[in-house]
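In the numbering used here, the protein residues as written are 399 to 612.
A virtual CB, placed ideally from N, CA and C, is assigned to each residue, including glycine.
Just so we're clear, the structure is a prediction, and the values are computed from it rather than from any experiment.
Read through the structure below, which is laid out as C-alpha cells, and then see the notes.
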C-alpha cells in the first residue's frame, strides 16, 4: 500500500484482515512497527515526523499481512470530520494512546523476550485476526516483522512442527493447536485477550460508523 518515506493522502480503517508497517533501517535490518486490525486505523494520527518538514513520509512500508477490506478516507476530509465530531476526536485520541502503548510493548518484547516465544505470539496474533487456522505467511515474512534472522525462525518453526503446534506448507502454515501456541507465547499474549474482549463487546477503538455518518 505504501513504501517507506512515501507520503499518503489517505486514512485506512480496516474492517477485516490485518495491515502491518515494516521499518527498514539503513543497515538492512527491519522490524514491524505498525499492526492494525479492525480496532484501529493507519494515518489517523500525526506522528513525530510531521514536526520535521523534510521527514513527512511513512515511517515504514505498509503491507497487507492478511487480506481483508478497509474504508479509505482522504486525510483532508478526515480532518474536517474531526473538527465536526467531538466523539470521533475522543476515540482518535484514545487510539493514539493505544498506539503509543503498543510501541512501548513491542520495544520491550524485542529486547527481553525469547525468539521462540515471540514467534509463537506473532502466529497467535495472526490466527486471531485471520478467518481460519491457515495462516498465509513465510519464514522470511516472520523474520522481517520480528527483526530476527530467518534461520532463527526456521529453527523455531521446526520445533513447533515437531510438537504438533503447526503444520508447515508452502507460503502458509496451519495452526493445529491455537491454545498450546498461545500458552507458549511471551507475556505479550495478554494483548490478544484484550483485543478479543474488545471485539466481543463491539467496542472498537475507532468505530467506522462514526466515519460513515459523515
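Which residue from the options puts its Cα closest to that of residue i?
i: residue 520; options: 504, 530, 488 and 469; result: 504
i: residue 562; options: 579, 525 and 428; result: 579
i: residue 540; options: 418, 409 and 406; result: 418
i: residue 571; options: 581, 587, 536 and 523; result: 536
i: residue 554; options: 583, 531, 532 and 569; result: 583
i: residue 402; options: 495, 501, 414 and 420; result: 420
i: residue 534; options: 404, 400, 399 and 415; result: 415
i: residue 497; options: 435, 480 and 476; result: 435
i: residue 569; options: 485, 538 and 576; result: 538
i: residue 585; options: 477, 426, 508 and 485; result: 508
At which residues does the beta strand (DSSP E) containing residue i begin and terminate?
i: residue 398; result: Nothing about residue 398 can be reported from this structure: the residues present for the chain run from 399 to 612 only.
i: residue 573; result: 570 to 573
Just to confirm the assignment, what range does the alpha helix (DSSP H) spanning residue i have?
i: residue 475; result: 473 to 482
i: residue 589; result: 588 to 599
i: residue 513; result: 513 to 527
i: residue 541; result: 537 to 544
i: residue 577; result: 576 to 582
So residue i and residue j are in contact, right, with Cβ under 8 Å, and what is the actual spacing, rounded?
i: residue 593; j: residue 526; result: 7 Å
i: residue 590; j: residue 532; result: Wrong, their Cβ atoms sit about 18 Å apart, outside the cutoff.
i: residue 574; j: residue 528; result: Contact doesn't hold; Cβ gap of about 14 Å is too wide.
From the DSSP output, which residues share a beta bridge with residue i?
i: residue 468; result: 412
i: residue 432; result: 419
i: residue 461; result: 418
i: residue 533; result: 571
i: residue 440; result: 410
i: residue 400; result: 460
Less than 8 Å between the CB of residue i and some heavy atom of the ligand SAH, yes or no?
i: residue 556; result: In the structure shown, the ligand SAH is absent, as is every other ligand, since no ligand is present at all.
Touching by the beta-carbon criterion (3+ pairs, under 8 Å), the stretch 457 to 469 and the stretch 506 to 523: The stretch 457 to 469 vs the stretch 506 to 523: no contact.
Do the stretch 534 to 546 and the stretch 425 to 435 touch if we need at least three Cβ pairs shorter than 8 Å? Result yes; three or more Cβ-Cβ pairs closer than 8 Å.
Is it true that the stretch 434 to 445 meets the stretch 407 to 421, where meeting means three or more beta-carbon pairs spaced less than 8 Å apart? By the criterion of at least three beta-carbon pairs nearer than 8 Å, the stretch 434 to 445 is in contact with the stretch 407 to 421.
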